[in-house]
Every structure is written in C-alpha cells, then in structure tokens.
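Visitor:
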Amino acid sequence: LEPEYISVTPDSRTAFVGLQENNALAVIDIPTGTVSRILALGFKNHSLPGHGLDPTDRDLPGNQPAISIRNMPVYGMYQPDGIAVTTDSNGQPVVLTANEGDSRDYDAFSEEVRAGSGSYVLDPSIFPDAATLKQNANLGRLTVTRTLGDLDNDGDFDAIYAFGGRSMSAFDGISGALLFDSGDSFEQTIAAQVPTLFNSEGTTASFDGRSDNKGPEPEGIVIGDVGGRKYAFVGLERIGGAFVYDVTNPRAPVQLGYSSAQGDDVSPEGVAYISPAQSPNQRALLLMSHEVSGTLGVYQVDTCTVSSINLFAPDQIQISGYCPTGLDLYCVRQGTPLQVATGISVNTQATVTVPLQFGDHCYASQPGQNVAINGIEATLDRVPIPATHPLGSLLLALASMLLGALTLRRQLR
9 LEPEYISVTP DSRTAFVGLQ ENNALAVIDI PTGTVSRILA LGFKNHSLPG HGLDPTDRDL
69 PGNQPAISIR NMPVYGMYQP DGIAVTTDSN GQPVVLTANE GDSRDYDAFS EEVRAGSGSY
129 VLDPSIFPDA ATLKQNANLG RLTVTRTLGD LDNDGDFDAI YAFGGRSMSA FDGISGALLF
189 DSGDSFEQTI AAQVPTLFNS EGTTASFDGR SDNKGPEPEG IVIGDVGGRK YAFVGLERIG
249 GAFVYDVTNP RAPVQLGYSS AQGDDVSPEG VAYISPAQSP NQRALLLMSH EVSGTLGVYQ
309 VDTCTVSSIN LFAPDQIQIS GYCPTGLDLY CVRQGTPLQV ATGISVNTQA TVTVPLQFGD
369 HCYASQPGQN VAINGIEATL DRVPIPATHP LGSLLLALAS MLLGALTLRR QLR
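Position one of the sequence shown corresponds to residue 9 (the working numbering), numbered consecutively onward.
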C-alpha cells in the first residue's frame, strides 16, 4: 500500500486515507487507532456517453496533435491524489476525490506500457479491430498498465486499463459506492475555454502533450464554506488553474466553472481555503502552491451565493450568503417582477429595508440577470416581525401588558 493523502471527518472520529496506486481508500477509526476497512474505488468506463477522453498526443496525419475527445474501450483507474471528506444532509461521510492517477514505476519494476506496444497484445475475440486501436491516432500512444486486463490468464489483454479518471468523483464514505463523477467535463471545458492549452504543461508549446498520459491530471482538492454553501476547489497539476463545484449536496455536485492559471504560476500541487472570517481582506481566498514555478498563488473567490432569504413585515429582507461584489433584489408582486434593491454586498448576512406586501415573492440575483441565485426564494405568506424591529418590540410590549392585565384580573377575582 502507498498512502498518499488524508482527510478527517468534521467530528474528528474517522480519517480517510487515499491509497493512490492501489486505487482505494483506507478508513481509519481514530479513537481506536485501527483501520476499519478498505474501500476499492473500481473503474471508470470511458466508452460511456459523457465519459470520453483524448487518448493521444498524435491525432492527425504526420503525428500532429489535436483535440479529440471521444469514447474509447478503456477503463480508467480513479487513483485519486488529493481527497476531501464532507458530510451529507444526514451527517453521513462523502469523500470527494481528485482523480489524478499514478503508476508503479521503479528501477526494478514498471507497470507502464504503451497500448500500441508489440508486447501489449489485445485479445482478438474482444478487440477484432486491434490493429486500428493500436494506431497512434487512437490508443497506440496511451500509457496503460500491464498488471490488469488479462482476465483469463492466457497472455493477452481482454480489457484496457489507464491511469487516472481525469475527473472529480464523490464516493459514499460508508459503502464506497460511486455517487458522482464529472465524466469528461474537465477536458471538454478546457477545450472550450482555453483550447491552445488543452492537456498541456501550461504552455502553448506543450499543447495536447499530456493526452497520452493522464490528461488534465486533477491533483488537489479542498472544500470551503462560502456564504453557507459548500464549494469544492480542484487544482489541475499540469495545465494549472482550478475547477469549482457547489457540493452543498455532496451526493450531487454541480460544476460552477473553471479558472485558468494566472501569471507565472505553473503546476499547482497543494490547495487551501481561507474563509472570509479568517481572511485579511474579509474575502474568501484560495491558496495554491505551484511546484514547477515555485510560487504561491493567492486567488480571491469572487462569487455570489445565497443560503437563505427571510422576509419580515413590514419592511425587512434578510439575506444569508456571500456576495462581496453586490447583488440585486427582486420581488414579484401580483405577477410583476420588481427590482427593489441593487448593489447589496453580503458577507454572511445582510438586512435590507424594503416596503413589503402580503404575497410578495422575493429572491436575490446577480446584477442584470433576474435569476434567483442558488434557486433560493421566499414568499411573504404570513406576517413575521423580528423582535429587533421597532414594531416588533412594540407588539411584544403590548402583548406583555395584555398578559399582565389578564393575570391581575384573575387575581382580583
């Protein structure tokens, strides 16, 4: 076993240890100091829709590179490097993984082989198109393992196993079941946003150069609380930059976007999150250490999240979340959306004074979008009045006087 990374549950009772080369997680019971179980992570099927890959750096005639993401008869070993554990709404552990991949490559032993190598023989009954698959433009350049795939021990390979999942996954911390995988979205997003850096070492000169290995190589992952919502940040070791996911429901993560590498930062290794409360400028920060450039990148998380909205008659809207750059407030009144406030900065909680009417349906929006952030909305279908409001204090005082009068009347009787 080769322990790679460790993450501890919020209650500090259980630790999950990534066994990268073994494609597994070890679960440690901290109070007893024992390994309670090993969770095998299984394999990713790159032949399924939405789970393709670019398997070669020599896609075109003349062995020229190109972007070519497609389904292929290949299984990927997840082999996560960084892992991060969180809990779902029931308090059950969910482990998020950055599926980099890694091989056992030593002086005395190496499992690596090119799929196009003459020593890597494919079973002709399973791969009748083996000659085509072994071409450089297909799987010939892909680095695979020689230790898996000979299912019937007859000397040829019945299945092809590559290193890494090129993705982020979520695994059930109890059963080890796969809950979510980002599929080929890393490669697809990079191809759309920064095509000249696709599967590169962070330079245009190395374009497509990592496709035959492990592609974008997600390396590190960290979870941070942003305005009451959980975000996962996944650093990509080769091309750089980070993907961001909303993991408030860790069983169904939602990709929010990708931020490419900035300046001279090359090859992020470690990632850390600093909350607004701990930040020197009261803004959420992401720290990324870069092993090739020897630099520390400090990135400001400029996002807008909303975890709750509460309406209090006659004129208060309370927003919980995080939006330092400012958001807009809308209330739908008798079927008409009205912008009732704009440029509201939120850091944990903000209260806005707006005249409200019974039946108002209100939400916060990014400036100019008129769409509820995180789908959070609220309707004034009753008349709650916070005790901190002057009218609320007056009503509480009147209620106390009334109760006192009733008590006195009973005593006089």
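We put the beta carbon where it would ideally sit given N, CA and C, even for glycine.
Remember, predicted model here, so these are calculated numbers, not experimental data.
Just list the beta strand (DSSP E) runs in the stretch 169-219, keeping only unbroken ones of 3 residues or longer that don't cross its boundaries, in chain order.
Guide: 169-171, 176-180, 186-189
Visitor: Residue range of the beta strand (DSSP E) that residue 344 falls in?
Guide: 344-361
Visitor: Three or more beta-carbon pairs under 8 Å between the stretch 361-375 and the stretch 335-351, yes or no?
Guide: Two segments are said to touch when three or more pairs of C-beta atoms, one from each, lie closer than 8 Å; by this definition the stretch 361-375 touches the stretch 335-351.
Visitor: Indicate the three-state DSSP secondary structure (helix, strand or coil) for residue 145 in the structure shown.
Guide: coil
Visitor: Skipping 5 residues on each side, what residues in its chain have a beta carbon closer than 6 Å to that of residue 16?
Guide: 23
Visitor: Among 175, 35, 182, 19, whose alpha-carbon lies nearest the alpha-carbon of residue 225?
Guide: 175
Visitor: Going by CA-CA distance only, name the one from 204, 329, 221 that's closest to residue 215.
Guide: 204
Visitor: Suppose the cutoff is 7 Å on Cβ atoms and the five residues either side in sequence are ignored; what does the same chain contact list for residue 38 look like?
Guide: 20, 21, 22, 23
Visitor: Going along the chain, which unbroken runs of the alpha helix (DSSP H) with 4 or more residues stay wholly within the stretch 81-166?
Guide: 138-141
Visitor: At what residues does the beta strand (DSSP E) containing residue 270 begin and finish?
Guide: Element bounds for residue 270: n/a, residue is neither H nor E.
Visitor: Flag residue 350 as yes if its beta-carbon sits less than 8 Å from any beta-carbon of chain B, otherwise no.
Guide: The structure shown contains no chain B; it is built from a single protein chain.
Visitor: Do you know offhand how far residue 300's Cα is from residue 78's?
Guide: 30 Å
Visitor: Taking DSSP as the reference, what is the three-state secondary structure of residue 339?
Guide: strand
Visitor: Any chance the stretch 234-248 sits against the stretch 311-327, with 3 or more Cβ pairs inside 8 Å?
Guide: Touching, per the Cβ criterion.
Visitor: Excluding the 5 residues preceding and the 5 following residue 144 in the sequence, name in chain order all residues of the same chain whose CB lies nearer than 7 Å to its CB.
Guide: 64, 66, 71, 124
Visitor: May I ask you to list the residues that DSSP assigns as paired with residue 11?
Guide: Here residue 11 is bridged, per DSSP, to 27.
Visitor: Which of helix, strand or coil does DSSP assign to residue 366?
Guide: coil
Visitor: Please report the straight-line C-alpha distance between residue 285 and residue 279, rounded to a whole angstrom.
Guide: 18 Å
Visitor: Can residue 259 and residue 186 be called in contact, C-beta distance under 8 Å?
Guide: no
Visitor: For residue 344, is the classification buried or exposed, using 16 other Cβ atoms within 10 angstroms of its Cβ as the cut-off for buried?
Guide: exposed
Visitor: Using 10 angstroms around the beta-carbon of residue 346, count the other beta-carbons present and answer buried if the total reaches 16, otherwise exposed.
Guide: exposed
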